[in-house]
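Residue numbering for the sequence shown follows the working numbering, beginning at 3 and increasing consecutively.
Here a beta-carbon is modelled for each residue, glycine too, at the ideal position from N, C-alpha and C.
Okay, structure first, notes after.
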Amino acid sequence: MAKNGYGSVDEKGFVSFGGALEEGAWKDVSIKKYDHDEMLAVSPFVSMPMAAICKLQGTWGIRALVQAMSVGNTAELDQEWDAAQRSFAAGVASEEDHQEPAHRAAAGRIRTSMLDGAGTAQTQLDLDKEYDFGMKQLRLAEEKSLASDLKLTGLGPKLERIRTATAALREGAGGGPGKNRAPARWARIRDALQACSLTFNVVHDQLVWAIGATPSGPERDKLEQMLEPFQALLDRYPSSTAAAAPAATPEKAAPAATTPAVDPKDPAAGKSP
């Protein structure tokens, strides 16, 4: 997998490449009936055209990288969760000083059921326990009596902030029943970048093979046009190997077998991209 050199491409290069799969020779290759947001094929791979498989592989590789990059870092997620808890606790305290007895009573019930210690002790928990605490608050809020208290006191929006922060904490830290803690954000990006590099090497090899196995004519010309943006990406991010020896381009005759050069930056060579 190292011979093409995609180990030298960084996350910005891969993400920006997404547009190339929607224009030029790739524009007519539709993957709508095969694609799925969770990157699971909705149609058997054995019945997919090769061009659709290549486009799907590139699209999913980029999508996974974007998802890894979009997850906030756990320190930031923790800060937002803590801030949401403090805001909710402050709202409860304010309602406890309300001039109407009904509001004060409702706020007291909310504090007893949904807060810890003086109101913010939960912010000292570790990430997994913060997630559990947030989920407990959200489940309690569904109880009829507490739901009425939250409506009366107008604390619903503050609770929604907790809902959003708790969901983000689960996504970022890998919380949730039966789940191990997810890797740190930097590790997710590293792994997704490595996977993207390997995927692009595979697609590149498939296209080169198809070009070599296709007679001269419109079909071969289109395959060569499909390879062009991939080669252009490599040209923008040359590896040390490529700088020493430019990558060979497909000839009109079937290419002779060559020994792949090892890219020292490629994940397949045992190093991070």
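- Comparing C-alpha distances from D80 to each of L127, E162, Y36 and A95 shows the shortest one belongs to L127.
- In chain order, S199, F202 and N203 place their CB closer than 6 Å to the CB of Y8, counting only its own chain and leaving out the 5 sequence neighbours on each side.
- Here DSSP, grouped into helix, strand and coil, assigns L42 to coil.
- When only Cα atoms are considered, G158 and L152 end up about 6 Å apart.
- Residue state for Q101 is assigned as coil, using DSSP reduced to three classes.
- Judged by DSSP in its simplified three-state form, P220 adopts helix.
- Between the stretch 78-97 and the stretch 160-171, the count of C-beta pairs closer than 8 Å reaches three or more; the two stretches touch.
- Taken through DSSP and simplified to helix, strand or coil, S18 comes out as helix.
- Contact between M41 and A66 holds: their C-beta atoms lie close to 7 Å from each other, under 8 Å.
- Taking one beta carbon from each stretch, the stretch 188-199 and the stretch 81-89 have fewer than 3 pairs nearer than 8 Å; the two do not touch.
- R187 is classed as buried because its beta carbon has at least 16 other beta carbons within 10 Å across all chains shown.
- In the structure shown, G119 adopts coil according to DSSP, grouped into three states.
- By the CB criterion at 8 Å, T168 and L148 fall outside the cutoff.
- Membership of D12 in any alpha helix (DSSP H) is not indicated, and neither H nor E is assigned to it by DSSP.
- Exclusion of the five residues before and after L229 leaves L209 as the residues of its chain whose Cβ lies within less than 6 Å of its Cβ.
- Between the stretch 99-110 and the stretch 54-72, the count of Cβ pairs shorter than 8 Å is below three; the stretches do not touch.
- A direct Cα-Cα distance of roughly 25 Å separates A53 from D12.
- Boundaries of the alpha helix (DSSP H) around E132: L129 to L142.
- In the DSSP annotation of this structure, the continuous segment of the alpha helix (DSSP H) that includes L148 starts and ends at K146 to T155.
- In this structure, T122 keeps its C-beta atom at 8 Å or more from the C-beta atom of Q69.
- For L67, the enclosing alpha helix (DSSP H) begins and ends at M52 to S72.
- Of the residues assessed, T125 falls on the buried side of the cut-off, its CB having 16 or more other CB atoms within 10 angstroms.
- Going by C-alpha positions, W211 is about 40 Å away from G174.
- By the CB criterion at 8 Å, Y239 and G15 fall inside the cutoff.
- Excluding the 5 residues flanking it on each side, A234 has no same chain C-beta neighbour closer than 7 Å.
- In chain order, A66, L67 and A70 place their CB closer than 7 Å to the CB of A194, counting only its own chain and leaving out the 5 sequence neighbours on each side.
- Contact between G136 and L171 holds: their C-beta atoms lie close to 7 Å from each other, under 8 Å.
- Inclusion of N6 and L225 in the CB contact set at 8 Å is not warranted, their separation being larger than that value.
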